[in-house]
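Enquirer:
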């Protein structure tokens, strides 16, 4: 049975975007041609409380494409797929076309 | 006589879920087929005070299935069973079917 | 003359519970059969002030049986008996039958 | 397709200014003649919340020329160009002619 | 001329109590028979300000017998006698007969 | 073209005062005759926000002669001259004749 | 020309008191007969702001004799005399006859 994770506090569940290592026409791309460490937001937590007790909602939302730091995040396996959990403040920004 | 633990502050008593190493039909599962580090919430503390003196209740409740970090938590033995204590903020999220 | 200690701030004076190494019937118990690190609360401090200047009373009271962390606490000798001092926030929980 | 990054919190996207190693007349400049580590602000985040929950906007704006610390910042590659992300408080100052 | 020290902030001037190594009847006490690290409060500072600017007075007073931590404190020599300075929050408790 | 730096937050741009190694009459001064690490304030930032969101202006002003700590500060080169950037709170004091 | 230092924030300018190594009658004192690390307050800063933005004035004043910690403080040379700068909170207390 598929499991669904609701992240706690201001944690964000991310599915990393793996860059294709070949073009659709079958041409091999040189390694590391795209080093952008990005991912898709799959689920977000309810937010965390600040020092004054106010709830600070998570700044990204489900479906956002985000830029991730090179290090950090917690790798988890859910329904045989690999995901990562990041704190909202560790997400570097959102990517737009 | 069975002992019952009431965790202090925002501590959460967890009974870890051990994944079966064999299917019910007797087929041996490859090791680490399921690396999800999860547990059942057995008891929660009354919550902790924030810097302004407000009580912040624990975000999970008895019976919740939670995703746990790979490291951390305090292992304790109660009534000959193994449990773990985690701070509420260290719980990564709740798992739902 | 017996001395009495009134702990300062949110310190808690604990007398550790040493598990019997033999049953009352004289049967030797295997070592570490009971690893529960627990103690009896002997005296509590008046509480500590939070950052806003409010007094936060100690959450345990004299006579409570408490679960203690494996490390930490200050060992002291009072009237030829061994006691330990813990900060209230380091006590893991209270044990009840 | 060109991607656009909107930095999170008080992060600032910078395109570093590479000093010319030759004058326009073709004279080779001695190495390190200009050690000023500066960059152009390409995009800024919405600002970060302070401990009282107030939004602190980023102090620099798109188009500013800024002085950068020698260490720190996160290098990223976007649309085949190299950029750096800095926290607003790590920018040393703005440069003006 | 004898000098008097008024401790600053929440510092407490302590004269350590040295346990007798012989009983009054002349019987040699085994070493470390009394490991209680205690002292007499000689002078206290005016108290320290908390983060909200309120003065928090020192919790012990001149003449109190206090239990001291094994490490910490600043040794000073005043009028050829040895004293120790402790921060109020480092004093473990007060001792009473 | 000469560049002007406006420091960010509570940063202070300093031009260090180099003590003459000879008197004007040509007599060689012994090394380290003057070890005072001082500088001239060239530019100051707008100030930094405290934890309550209030702007704290920089305590020194352009033209002040300041005493600097032996370590710390960020060396930069501007218009072929060497300057140092210090945080306002790292400046030890102002010097007056 | 003699220079005068006005310490910044809650810094205190101290001239250390060097104990005489001979009595006035010419008798050599044994070394370290007086280990009291004390000094005279020469100048004090205007005070530092606490987290709520209130100015906390320096607790000692010009002319006070103060007890100093064994380590810490910044040594400076002013008008060919040696001084030390301490933060107000590092001064252990004031000495009175």
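Chains as they are written, first to last, in the working numbering: chain A, 1 to 97; chain B, 98 to 194; chain C, 195 to 291; chain D, 292 to 388; chain E, 389 to 485; chain F, 486 to 582; chain G, 583 to 679. No residue lacks a Cβ here, since even glycine has one placed at the ideal position from N, Cα and C.
Near residue 585 of chain G, what residues of its chain come up, given a Cβ to Cβ distance below 7 Å and the 5 sequence neighbours on each side ignored?
Expert: Same-chain partners within the cutoff: 660 and 661.
Enquirer: If the cut is a Cβ gap below 8 Å, which residues of chain C does residue 108 of chain B touch?
Expert: By Cβ distance, chain C contributes 286 and 287.
Enquirer: Does the beta carbon of residue 377 of chain D fall short of 7 Å from some heavy atom of the ligand PLP?
Expert: Among the ligands in the structure shown, none appear at all, so the ligand PLP cannot be discussed.
Enquirer: Which residues in chain B have a C-beta closer than 8 Å to the C-beta of residue 53 of chain A? List them in chain order.
Expert: Within 8 Å Cβ-Cβ: 147, 149, 151 and 153.
Enquirer: Taking only the alpha-carbon atoms, compute the straight-line gap between residue 111 of chain B and residue 13 of chain A and give it to the nearest angstrom.
Expert: In a straight line, the C-alpha of residue 111 of chain B is about 22 Å away from that of residue 13 of chain A.
Enquirer: How is residue 209 of chain C classed by DSSP in three states: helix, strand or coil?
Expert: In this structure, residue 209 of chain C counts as strand in the three-state DSSP scheme.
Enquirer: Whose CA, out of D:388, D:350, D:361 and D:362, lies closest to the CA of residue 332 of chain D?
Expert: Residue D:350 is the option with its Cα nearest to residue 332 of chain D.
Enquirer: Just checking: is the beta-carbon of residue 396 of chain E within a distance shorter than 8 Å of some beta-carbon in chain G?
Expert: Answer yes: the Cβ-Cβ gap between residue 396 of chain E and chain G drops below 8 Å somewhere.
Enquirer: Is the number of C-beta pairs between the stretch 154-173 of chain B and the stretch 184-193 of chain B that are closer than 8 Å three or more?
Expert: The stretch 154-173 of chain B vs the stretch 184-193 of chain B: in contact.
Enquirer: So the candidates are B:160, B:144, B:133 and B:136; which of them puts its Cα closest to the Cα of residue 106 of chain B?
Expert: Comparing Cα positions, the closest option is B:144.
Enquirer: Does chain A have any CB closer than 8 Å to the CB of residue 254 of chain D?
Expert: Given a span of 292 to 388 for chain D in the structure shown, any question on residue 254 of chain D remains unanswerable.
Enquirer: State the CB to CB distance for the pair residue 473 of chain E and residue 426 of chain E, rounded to an integer number of angstroms; the pair is presumed to be in contact (CB under 8 Å).
Expert: The Cβ separation is near 16 Å, so there is no contact.
Enquirer: Can you tell me which of the three DSSP states residue 361 of chain D falls into?
Expert: Looking at residue 361 of chain D - three-state DSSP - the assignment turns out to be coil, as it is neither helix nor strand.
Enquirer: So residue 165 of chain B contacts chain C; which residues on that side make the cut at Cβ distance below 9 Å?
Expert: Under the 9 Å cutoff, chain C gives no residues; its nearest Cβ is about 17 Å from residue 165 of chain B.
Enquirer: Apart from the five residues on each side of it in sequence, which residues of its chain come closer than 7 Å, Cβ to Cβ, to residue 201 of chain C?
Expert: Cβ within range, chain order: 207, 237, 238, 239 and 279.
Enquirer: How is residue 450 of chain E classed by DSSP in three states: helix, strand or coil?
Expert: In the structure shown, residue 450 of chain E sits in coil (DSSP, three-state: anything other than H, G, I, E or B).
Enquirer: What span of residues does the beta strand (DSSP E) with residue 620 of chain G cover, start to end?
Expert: From DSSP, the beta strand (DSSP E) with residue 620 of chain G extends over 620-626.
Enquirer: Please report the distance separating the alpha-carbon of residue 374 of chain D from that of residue 367 of chain D.
Expert: Roughly 5 Å between the two C-alpha positions.
Enquirer: Any idea which residues DSSP pairs residue 436 of chain E with across the strands?
Expert: Looking at the DSSP assignment, residue 436 of chain E forms a beta bridge with E:444.
Enquirer: Going by alpha carbons, who is nearest to residue 84 of chain B out of A:49, A:56 and A:97?
Expert: Outside the shown range of chain B, which is 98 to 194, sits residue 84 of chain B, and nothing can be said about it.
Enquirer: Who does residue 275 of chain C pair with in a DSSP beta bridge?
Expert: For residue 275 of chain C, which the question treats as bridged, DSSP gives the partners C:272.
Enquirer: In or out: residue 260 of chain C buried (at least 16 other Cβ within 10 Å) or exposed?
Expert: Buried, because 16 or more other Cβ atoms sit within 10 Å of the Cβ of residue 260 of chain C.
Enquirer: So residue 484 of chain E contacts chain C; which residues on that side make the cut at Cβ distance below 9 Å?
Expert: Those are 197, 198, 199 and 200, listed as they occur along chain C.
Enquirer: Please report how far the alpha carbon of residue 226 of chain C lies from the alpha carbon of residue 133 of chain B, in whole angstroms.
Expert: Because the pLDDT at residue 226 of chain C is just 49, under 50, the model does not fix this residue reliably, and the value given afterwards should be weighed accordingly. Cα to Cα, the separation comes out at about 30 Å.
Enquirer: Would you say residue 246 of chain C and residue 150 of chain B are within 8 Å of each other, going by their C-beta atoms?
Expert: Taking 8 Å as the Cβ cut-off, residue 246 of chain C and residue 150 of chain B qualify as a contacting pair.
Enquirer: Rounded to whole angstroms, what's the CA-CA distance from residue 34 of chain A to residue 296 of chain D? Just pull it up for me.
Expert: With a pLDDT of 48 at residue 34 of chain A, under the threshold of 50, the modelled position of that residue is not reliable, and the figure given next carries that caveat. Straight-line Cα distance between these residues: approximately 15 Å.
Enquirer: Do you know offhand how far residue 598 of chain G's Cα is from residue 404 of chain E's?
Expert: Their backbone Cα atoms lie some 28 Å apart in a straight line.
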